[in-house]
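**Student:** I have a structure I would like to understand better, so I am pasting it below and will then ask my questions one at a time.
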Amino acid sequence: MIPIIPKSSEFKRNLRNSLLGDWVFCAHYVDSAIKQAYSILKSWRRNYLKGRRARAKPVVKKKFVRVKETLYSYRDSKIKISIKPYGEHLVFDVQNAWFWSRAKGEMGELILNEKFLIIIFRFKQRAEKLKGMIAWDCNEKSLDGFNPEIGWIRVDLRRLFHIHRVYELKRRRLQSKASRKPSLRRVLEKYSNRERNRARDFIHKVTRVIAETFKGYVHGFEDLNKEKMLKKSRTHNRNIAKSNWRTIISLMSYKSRVRLLNPHNSTKTCSRCGMVNAPKGALYKCKSCGLKIDRQLNACMNLYLQVEGLSPSPKLFVELVKRWRGFTLTGGEADAGSNEPMRSLKACEPQGLSMDQYLSILSLEPCVTAV
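Heads up, the sequence shown is in the working numbering, so the first residue is 56 and it goes up one at a time.
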């Protein structure tokens, strides 16, 4: 069965009038609730048709309301929100708020929930000259990017994987006891919230470094569907579940320009001749042209070709490798003849570290050989 959501103006008008019957607050809050309900139902229906949601209708568990700009005023470092027309209102003093001096742009829509007031700022993004495109291959413990001018970029995500693994073990010890001791459910919820917050904090810092280091580039990420990848062993499924690819893309989308790429056969296709092979291990070996290349580098090169609308060819492959010039981890300049060994930095706690401790720009020569 396919759920049908009524969209006619008459239905919406009758719904609004019925809700406004005994309503004593500003009418906007009814309009906001209807608009938000339609947004939730559309999202649920779209995911239901893709098999990502059950037939059970979505339920709003946390109460919130969106406040448009005409329902609040800002004066003398105080935000005044109208609750009843010409009557009750809420006042928030933000003069001593820690974030106020850092806030940029103009205040937009507010989101008011039972505990917090969320202030959204909007600003015009400056037009930047487009420098190029970086294609990213998403893996369990790293992001591997490629651009012919920069080379091979590796973002170490082992720290993120470690965060999920630590809390997975903590929950495993408690879940067996939680059924007999209900008070442990609060502890489980605490650990889940802490895991989510720590992971999101790490992703925020890593995406900030990527956006600032490669300012002016469009970042292409694989449009991966984790649900379709959960088909192998239990260990594999758990490792996939620990990945935060969608969150990384979401947080990158407002820090830089992002484009989604088709991940089909990006790992299996030879980036030099286009032959489809099943890779075994970390080294990709093409049975057709004899190319030996790091598996993840091969994937991000294929994604780069895809975004440029090009097909793999030996001549194009040589041009991509020749154009690369970058800096190895020792700080010395490298070219196509460099013998610098391929290395990546150990995962570290993000806070207080320099950009070089997030990213590794790797030499292409040691990991590409042709027969």
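Backbone N, C-alpha and C define an ideal beta-carbon position, used for all residues, glycine too.
1. Kindly give me the distance between the Cβ atoms of V498 and T322, rounded to whole angstroms, as I take these residues to be in contact under 8 Å.
2. What separation, rounded to the nearest whole angstrom, lies between the Cα atoms of V146 and Y129?
3. What is the C-beta distance between F276 and L215, in whole angstroms, given that I count them as a contact (C-beta under 8 Å)?
4. Would you mind giving the Cβ-Cβ distance between L306 and T262, rounded to the nearest angstrom? I have them listed as a contact below 8 Å.
5. Compare the Cα-Cα distances from A109 to each of V373, I189, V149 and M56 and report the closest residue.
6. What three-state label does DSSP hand A254 in the structure shown?
7. If you draw a straight line from the alpha carbon of A111 to that of K118, how long is it in whole angstroms?
8. Could you tell me which whole beta strand (DSSP E) segments of length 3 or greater appear in the region 108 to 181?
9. Would you tell me roughly how many angstroms separate the C-alpha atoms of D199 and E282, rounded to the nearest one?
10. List the residues that DSSP assigns as beta-bridge partners of I60.
11. For the region 213 to 285, list the beta strand (DSSP E) runs that are entirely contained and at least 3 residues long, ordered along the chain.
12. Okay, do the region 125 to 144 and the region 93 to 109 touch, 3+ Cβ pairs below 8 Å being the bar?
13. Per DSSP, T324 is paired with what?
14. Taking Cβ to Cβ, would you say Y93 is nearer than 8 Å to F201?
15. Sort T290, I60 and H144 by Cα distance to F80 and report the nearest one.
16. Taking 6 Å as the limit between beta carbons, can you name the residues of its chain near L375, skipping five residues before and five after?
17. Please report the residue range of the beta strand (DSSP E) in which D86 lies.
18. By Cβ distance below 8 Å, which residues in the same chain neighbour K97 in space, the five residues on each side in sequence not counted?
19. Determine the burial state of Q361: buried for a count of at least 16 other Cβ atoms within 10 Å of its Cβ, exposed for fewer.
20. Taking the alpha carbon of G187 as the point to measure from, which residue in I205, R240, I174 and L352 has its own alpha carbon closest?
21. DSSP beta-bridge partners for A190?
22. By how many angstroms is the C-alpha of V210 removed from the C-alpha of L70?
23. Does the distance from the C-beta atom of P367 to that of C328 stay below 8 Å?
24. Count the other CB atoms within 10 Å of the CB of W155; is the residue buried (16 or more) or exposed (fewer)?
25. Under the DSSP definition of a beta bridge, which residues are partnered with L316?
26. How would you label I173, buried or exposed, when you count the other beta carbons within 10 angstroms and need 16 or more for buried?
27. Identify every residue that forms a DSSP beta bridge with K340.
28. Kindly give me the distance between the Cβ atoms of F171 and A158, rounded to whole angstroms, as I take these residues to be in contact under 8 Å.
29. Can you tell which of N357, C344, K260 and N72 has the C-alpha that lies nearest to the C-alpha of S326?
30. With 16 as the cutoff for other CB atoms within 10 Å, does N299 come out buried or exposed?
31. Between the C-alpha atoms of R181 and L165, what's the straight-line distance to the nearest angstrom?
32. Can you confirm whether the region 215 to 232 touches the region 241 to 248 when touching is taken to mean that 3 or more C-beta pairs between the two stretches lie within less than 8 Å?
33. Grab me the residues of R253's own chain with a C-beta within less than 6 Å of its C-beta, minus the 5 sequence neighbours each way, in chain order.
34. Please determine, among P334, W78 and L315, the residue with the shortest C-alpha to C-alpha distance to D192.
**Tutor:** Looking at the coordinates:
1. No statement about residue 498 is possible, as the shown extent of the chain runs from 56 to 426 and does not include it.
2. In this structure, the straight-line span from the alpha carbon of V146 to that of Y129 is close to 10 Å.
3. Not a contact, Cβ separation roughly 16 Å.
4. Their Cβ separation, rounded to whole angstroms, is 5 Å, which keeps L306 and T262 in contact under 8 Å.
5. For A109, the nearest C-alpha among the options comes from M56.
6. Residue state for A254 is assigned as helix, using DSSP reduced to three classes.
7. So the alpha carbons of these two residues sit roughly 20 Å apart.
8. For secondary structure counted as the beta strand (DSSP E) over 3 or more consecutive residues, the region 108 to 181 holds these complete runs in sequence order: 119 to 122, 127 to 130, 133 to 137, 144 to 148, 161 to 168 and 172 to 177.
9. Cα-Cα distance, rounded: 22 Å.
10. Paired residues: none, contrary to the question.
11. Counting whole runs of 3 or more residues, the region 213 to 285 contains the beta strand (DSSP E) stretches 272 to 277.
12. The region 93 to 109 and the region 125 to 144 do not touch, with fewer than three beta-carbon pairs separated by less than 8 Å.
13. Answer is V331, bridged to T324.
14. No, the pair does not count as a contact, with Cβ atoms beyond the cut-off.
15. Nearest option by C-alpha distance: H144.
16. Result list for L375: P203, in chain order.
17. Segment H83 to L104 is the alpha helix (DSSP H) holding D86; no beta strand (DSSP E) there.
18. Counting only residues of its own chain and dropping the five nearest sequence neighbours on each side, K97 has a CB closer than 8 Å to the CB of I60.
19. By the Cβ-count criterion, Q361 is buried, with 16 or more other Cβ atoms from all chains shown falling within 10 Å of its own Cβ.
20. For the residues I205, R240, I174 and L352, the minimum Cα distance to G187 belongs to I205.
21. In the DSSP secondary-structure assignment, A190 is bridged to F201 and G275.
22. Across the structure, L70 and V210 are spaced so that their CA atoms are roughly 50 Å apart.
23. Cβ distance < 8 Å, so P367 and C328 count as in contact.
24. Of the residues assessed, W155 falls on the exposed side of the cut-off, its CB having fewer than 16 other CB atoms within 10 angstroms.
25. Bridge partners of L316: E277.
26. Exposed, since its Cβ has fewer than 16 Cβ neighbours within 10 Å.
27. Under the DSSP definition of a beta bridge, K340 partners with K347.
28. That belief does not hold up - the Cβ atoms of F171 and A158 are roughly 16 Å apart, past 8 Å.
29. Ranking N357, C344, K260 and N72 by Cα distance to S326 puts N357 first.
30. That one is buried.
31. Answer to the nearest angstrom: the Cα atoms are 24 Å apart.
32. Taking a cut-off of 8 Å on C-beta distances, the region 241 to 248 touches the region 215 to 232, as three or more cross pairs fall below it.
33. Same-chain partners within the cutoff: I218.
34. Nearest of P334, W78 and L315 to D192, Cα basis: L315.
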